[in-house]
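In full-length UniProt numbering, the protein residues as written are 1 to 513. Since the structure comes first, as structure tokens, the remarks are kept for the end.
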């Protein structure tokens, strides 16, 4: 590792020694891998860090082995100097990877030879302080990588500790299995809700975000400032009820998740005032932690430090916020994470300890350059005033997005214009009204150009009258009694009821399956 030609070529020789191996080991595959991490290298020194190189090595090696149908072949590594640190980080990334394909490198490992690897840092880190001119023109110092060698460096300590623990576990299968069992128990006790399930439920209930209904966001100046400028870490999406904040964030999460690498974490949470699992600050942090650990299993070590002392009670007692927020901050500071997106929807629906959550967001959004935050809420003064304390913030104010769903349905131009004008004239600035109307139109048998406009006139303007019309439809239907019983249950329960739970609360007619 390093310069794969120069490192392994003896003085006075023209070729590196690994090229002689195929003659002696005819059944073996001999691979070399290099990176631009030498102290004095090209005029443009790589800005990659140790974990970046480890990520590249894992991806390159996995791809090569898969393309040659060699993923199950045993592996023996020979690593030189800084390459030994890169190799350690690579093996840890492979071990903790959620994808089986990338785990194959760890499981195929049979041995490693370290040559001149500085496992605990060295005086050589001081080389980064030597003026470049001392070594001549056209040569530079990769300070970022050299800093890894400092004895107090958190990343090096983390890798060395994890690697030592891995070695100890490998000596006893029972130790490894016991650790895995403890991790699973910890994750199970941490769980109250999976934010990804909440997102799927929201999208199912609301019909999901049409791509054209949120794509405009990515061209918005405030959003681009948040996404691309390093000094803007926090984006506040604000708007009145029904203006589409929730579905907009679902769309943003989808796009960000698809555009990031496997080593970038996207953690999110949807607050809901009517659900006791989703309406307080500790629940928000707990959900964010669960989301992060499930994506990046090595982060469970931060949770275990608290869990091993107090068990599940530590997540739920009177000091839960202090314990959970410390775990979350430790995760944000984890050196093996390249970058993190933290997205919290509906701060205004956090009915308990909102001030604590706002303090954490405003304080930490200005501390970690590798963490990007999005929060959404109604345009409440108390939230706006709290977020003013954030020094690196952009604000995206929502009105009705005038790009109609009708355009996505490929109507004729005159029909599309008529539908668009009707939606804009009657929505009264409420995205939810547009969504409900379009949902009813989509479910109607006459959803065609010829009848779409006539159908629209049946829907009154504004949410109040639209809800009244929907209730009237229920009252006049053959199932009015059954629907009223369901509405009564919904008004009385403390949280939303799932379809699976409904039969326990209300008698379901036989003709409904």
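Glycine included, each C-beta is placed from N, C-alpha and C at the ideal position. Quick caveat: nothing in here was measured; it's all calculated off a predicted structure.
Under the three-state reduction of DSSP, which class applies to residue i: helix, strand or coil?
i: residue 111; result: strand
i: residue 63; result: helix
i: residue 230; result: coil
i: residue 497; result: coil
i: residue 346; result: coil
i: residue 559; result: A query on residue 559 cannot be resolved here, the shown segment of the chain reaching from 1 to 513 and no further.
i: residue 102; result: helix
i: residue 459; result: coil
i: residue 405; result: Confidence at residue 405 is low in this model, with a pLDDT of 40, below 50, so its placement is unreliable and no value can be given for it.
i: residue 507; result: coil
i: residue 30; result: coil
i: residue 56; result: helix
i: residue 433; result: helix
i: residue 483; result: helix
Who pairs with residue i in a beta bridge, going by DSSP?
i: residue 216; result: Answer is none; residue 216 lacks a bridge partner.
i: residue 235; result: 374, 394
i: residue 339; result: 264
i: residue 75; result: 109
i: residue 80; result: 115
i: residue 254; result: Paired residues: none, contrary to the question.
i: residue 270; result: 345
i: residue 280; result: 352
Would you call residue i buried or exposed, if buried means 16 or more other Cβ atoms sit within 10 Å of its Cβ?
i: residue 241; result: exposed
i: residue 393; result: buried
i: residue 397; result: exposed
i: residue 493; result: exposed
i: residue 331; result: buried
i: residue 69; result: exposed
i: residue 25; result: exposed
i: residue 204; result: exposed
i: residue 268; result: buried
i: residue 87; result: buried
i: residue 15; result: exposed
i: residue 467; result: exposed
i: residue 67; result: exposed
i: residue 314; result: buried
i: residue 101; result: exposed
i: residue 384; result: exposed
i: residue 499; result: exposed
i: residue 218; result: exposed
i: residue 327; result: buried
When you compare only the Cα positions, how much space is there between residue i and residue j?
i: residue 50; j: residue 82; result: 9 Å
i: residue 91; j: residue 193; result: 31 Å
i: residue 464; j: residue 61; result: 60 Å
i: residue 487; j: residue 382; result: 33 Å
i: residue 175; j: residue 13; result: Low confidence applies to residue 175: its pLDDT is 46, below 50, so where it sits in the model is not reliable enough to give any reading.
i: residue 322; j: residue 190; result: 15 Å
i: residue 31; j: residue 338; result: 27 Å
i: residue 214; j: residue 376; result: 15 Å
i: residue 292; j: residue 303; result: 11 Å
i: residue 491; j: residue 316; result: 27 Å
i: residue 206; j: residue 53; result: 42 Å
i: residue 254; j: residue 351; result: 27 Å
i: residue 354; j: residue 290; result: 20 Å
i: residue 77; j: residue 55; result: 16 Å
i: residue 489; j: residue 512; result: 18 Å
i: residue 188; j: residue 265; result: 20 Å
i: residue 233; j: residue 478; result: 54 Å
i: residue 94; j: residue 108; result: 11 Å
i: residue 184; j: residue 284; result: 21 Å
i: residue 480; j: residue 496; result: 21 Å
i: residue 506; j: residue 485; result: 7 Å
i: residue 280; j: residue 258; result: 29 Å
Which residue wins for smallest C-alpha separation from residue i, given the options the options?
i: residue 379; options: 95, 25, 17, 237; result: 237
i: residue 227; options: 374, 512, 478, 67; result: 374
i: residue 97; options: 58, 79, 75, 256; result: 58
i: residue 365; options: 201, 343, 351, 281; result: 343
i: residue 245; options: 295, 327, 347; result: 347
i: residue 72; options: 317, 270, 29; result: 29
i: residue 386; options: 367, 368, 358; result: 358
i: residue 201; options: 333, 270, 182, 225; result: 270
i: residue 275; options: 341, 509, 349; result: 349
i: residue 186; options: 103, 286, 280; result: 286
i: residue 249; options: 198, 345, 280, 188; result: 345
i: residue 7; options: 23, 21, 35; result: 35
i: residue 288; options: 305, 363, 340, 307; result: 340
i: residue 334; options: 247, 483, 368; result: 368
i: residue 80; options: 420, 308, 9; result: 9
i: residue 462; options: 437, 251, 427; result: 427
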